[in-house]
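Colleague: Numbering (our numbering), first residue to last: 15 to 183.
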């Protein structure tokens, strides 16, 4: 029972620590502070249990480390599912597909800025799309269904002011 408590406490601690990083990175400082309080509380409690009589039961160290491993992995899965924040997708497509992709994305209520560009060998369209991270895969699928050779680059975005962000805000 003690090993299970150590293991599950470390999972909770590391998962909360990962969530804390996510919310702070997305500007939610107060929620991050609350999560840090919980992380510190769990850490103190579980570490105290592990270091008590550690020479008599060194297996607690292994369980502690395994819980950290599992908690870190769970935290990264939660981060993917929650997907807070925005992405800027920069998309380069063949000119023949540019208008079709732009229209299709706009019909799905995504905000798209498109411009003609000159590629190495021919004319291109460059699309710039700011969207919630949760919608990134949906947009990528729409684009690749029309132009499977589209170049799609994504980066974290922090909208500051202005612009149309679509109905998915």
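Glycine included, C-beta positions come from ideal geometry on N, C-alpha and C. Note that the structure is a prediction, hence the values are computed from the model and not measured.
Are the beta-carbon atoms of residue 23 and residue 58 separated by less than 8 angstroms?
Modeller: no
Colleague: Hey, would you say the C-beta of residue 36 is under 7 angstroms away from at least one heavy atom of the ligand HEM?
Modeller: Among the ligands in the structure shown, none appear at all, so the ligand HEM cannot be discussed.
Colleague: Where does residue 118 fall in DSSP's three states?
Modeller: helix
Colleague: By Cβ distance below 6 angstroms, which residues in the same chain neighbour residue 38 in space, the five residues on each side in sequence not counted?
Modeller: 46
Colleague: Leaving out the 5 sequence neighbours to the left and right, which residues in its chain are closer than 7 angstroms to residue 154 when beta-carbon positions are compared?
Modeller: Excluding residues within five positions, the ones whose Cβ falls inside 7 angstroms are 166.
Colleague: Of the residues 70, 101, 161, 68, which one's Cα is nearest the Cα of residue 124?
Modeller: 101
Colleague: Which residues mark the beginning and the end of the alpha helix (DSSP H) in which residue 153 is found?
Modeller: In the DSSP assignment, residue 153 falls within the unbroken alpha helix (DSSP H) covering 150-160.
Colleague: Alpha carbon to alpha carbon, what distance is there between residue 56 and residue 42?
Modeller: 21 angstroms
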